[in-house]
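Enquirer: Going down the list, the protein sequences come from chains A and B.
Everything in the first sequence is counted per the numbering used here, starting at 1 for the first residue and increasing by one.
Everything in the second sequence is counted per the numbering used here, starting at 140 for the first residue and increasing by one.
Note that beta-carbon positions come from the ideal geometry of N, C-alpha and C, so glycine has one too.
One structure follows; several queries about it will come next.
2 protein chains.
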Amino acid sequence: MAHAPPMTIGDLAAATNTRVETIRWYEKVKLLPATERSAGNYRLYGPEHLRRLSFIRRGRDLGFTVDQIRELLAMADDRDRSCAEVDTIARAHLAQVERKLADLTRLAHELRDVIGQCGCGSVADCRIIEALSPHGDPS
Amino acid sequence: MAHAPPMTIGDLAAATNTRVETIRWYEKVKLLPATERSAGNYRLYGPEHLRRLSFIRRGRDLGFTVDQIRELLAMADDRDRSCAEVDTIARAHLAQVERKLADLTRLAHELRDVIGQCGCGSVADCRIIEALSPHGDPS
DNA sequence: ATGCACCCTGTAGCAACTACAGGGTCAAGG
DNA sequence: CCTTGACCCTGTAGTTGCTACAGGGTGCAT
């Protein structure tokens, strides 16, 4: 079998569940290389672009920032390098996710408390508003 | 006791743990009213501004958007109105927080899995990079 | 040849601020 | 009185990660 014909940006978008504009944006910020163009100036993509974009999307789904992905890609491109840096980035990211998780958990508790107290009368004695006001606000 | 002298924007910032620029920005987007000015064109704030800004900051800490806070403030200003809308906003927000919590929990699991597998050899056989790559990527 | 789906570039917008640049004001110390 | 330094002013541009046009060109089917 001959190798598959190049994909257009729309094909690549469909294959990776990404918007066309997002792909062009990744190119602009150099997560993806500028590609060859067709006679009509269309971007043409091959399987290596598909692989790279899939990597990027999976990283984004896992909550890595674009900068972190840039670093991860640079490391992945240099296969002799030690894996330790990759590990470091991943661990730092996990720590950050865990911090955010703790914050949100606390926040959910507070919100549940506040909502539980609302008797749904008039705003004048709404517990939610009161909870937001500087503690016990008279006036 | 006579009433306290007006605060400058810096005083208000210190009292609410807010940056000066943020206060000016809240004024621009009409969360805070434009204030009186001193002879030298300095903004002057009184206790009612302190109360309003505290409310805003607490709402932001609880993760309400600026738009939601704008609604909450409008309701709080109209004390005869029913509390039901306040309750609705708070519940919608809680639901959103809970969704985000679920996402992050799943994400933390995935990250921990991936990190656990890293033997910290060379990138060539790094499990983290592999986990990000389109499934099992040969080449 | 004409429609229609697709592609191109470039710019502006979103949230919620933050960070200047390039000035003016005010109180204290010398 | 004058200077120094901390504060204040406006206005604009930057941040993150896209998304949404506007105003065009391309490619294929009918």
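Among the candidates A:ILE89, A:ASP78, A:ALA76, whose CA atom is the shortest distance from the CA of THR65 of chain A?
Expert: The shortest C-alpha separation from THR65 of chain A is found at A:ILE89.
Enquirer: Tell me the residue span of the alpha helix (DSSP H) that contains PHE55 of chain A.
Expert: Unbroken alpha helix (DSSP H) run through PHE55 of chain A: 47 to 61.
Enquirer: For ILE254 of chain B and ALA76 of chain A, which I take to be in contact (beta-carbon distance under 8 Å), what is that distance rounded to the nearest angstrom?
Expert: Incorrect: roughly 16 Å between the Cβ atoms, too far for contact.
Enquirer: ALA74 of chain A: buried (16+ other C-beta within 10 angstroms of its C-beta) or exposed?
Expert: It is exposed - the Cβ of ALA74 of chain A has fewer than 16 other Cβ atoms within 10 Å.
Enquirer: Is DSSP giving ARG182 of chain B helix, strand or coil here?
Expert: Here ARG182 of chain B sits in strand by DSSP.
Enquirer: Closer than 7 Å by beta-carbon distance: list the chain B residues that pair up with GLU110 of chain A, in chain order.
Expert: Neighbours of GLU110 of chain A on chain B, chain order: LEU201.
Enquirer: So that I know if they touch, is there some Cβ in chain B lying closer than 8 Å to that of HIS49 of chain A?
Expert: Not an interface residue.
Enquirer: I want to see whether chain B comes within less than 8 Å of THR105 of chain A, judged by CB atoms only; does it?
Expert: Judged by the 8 Å Cβ criterion, THR105 of chain A is in contact with chain B.
Enquirer: Quick check on LEU12 of chain A - is its C-beta less than 8 Å from some C-beta in chain B?
Expert: So, not an interface residue.
Enquirer: Do LEU32 of chain A and SER38 of chain A have their CB atoms nearer than 8 Å?
Expert: Not a contact, by the Cβ cut-off of 8 Å.
Enquirer: Figure out for me which residue from B:ASP242, B:ALA247, B:VAL236 has the closest Cα to the Cα of GLU98 of chain A.
Expert: The residue with the shortest Cα to Cα distance from GLU98 of chain A is B:ALA247.
Enquirer: Do you know offhand how far GLU21 of chain A's Cα is from GLY179 of chain B's?
Expert: Near 49 Å, if we compare the C-alpha coordinates of GLY179 of chain B and GLU21 of chain A.
Enquirer: Determine the DSSP secondary structure at ARG79 of chain A, reduced to helix, strand or coil.
Expert: ARG79 of chain A falls in the coil class under three-state DSSP.
Enquirer: Is VAL66 of chain A close to chain B, meaning its C-beta is less than 8 Å from at least one C-beta of that chain?
Expert: Output row for VAL66 of chain A: interface = no.
Enquirer: Tell me, please, which residues DSSP counts as bridged to ARG37 of chain A.
Expert: The partner list for ARG37 of chain A (beta bridge, DSSP) reads A:ARG43.
Enquirer: Distance cutoff 8 Å, beta carbons only. Does ARG99 of chain A sit that close to anything in chain B?
Expert: Cβ-Cβ to chain B under 8 Å: no for ARG99 of chain A.
Enquirer: Mind listing the chain A neighbours of LEU211 of chain B? Cutoff is C-beta to C-beta under 9 Å, in chain order.
Expert: Chain A residues near LEU211 of chain B: ILE128, ILE129, LEU132.
Enquirer: Taking all protein chains shown into account, decide if GLY198 of chain B is buried (16 or more other Cβ within 10 angstroms of its Cβ) or exposed.
Expert: So GLY198 of chain B ends up on the buried side.
Enquirer: Name the residues in the stretch 169 to 194 of chain B whose C-beta lies less than 7 Å from a C-beta of chain A; which are they?
Expert: Those would be ARG190, SER193, PHE194, in chain order.
Enquirer: Counting only Cβ pairs nearer than 7 Å, list the residues of chain A close to ALA143 of chain B.
Expert: What ALA143 of chain B touches in chain A: nothing, since even the nearest Cβ is about 15 Å away.
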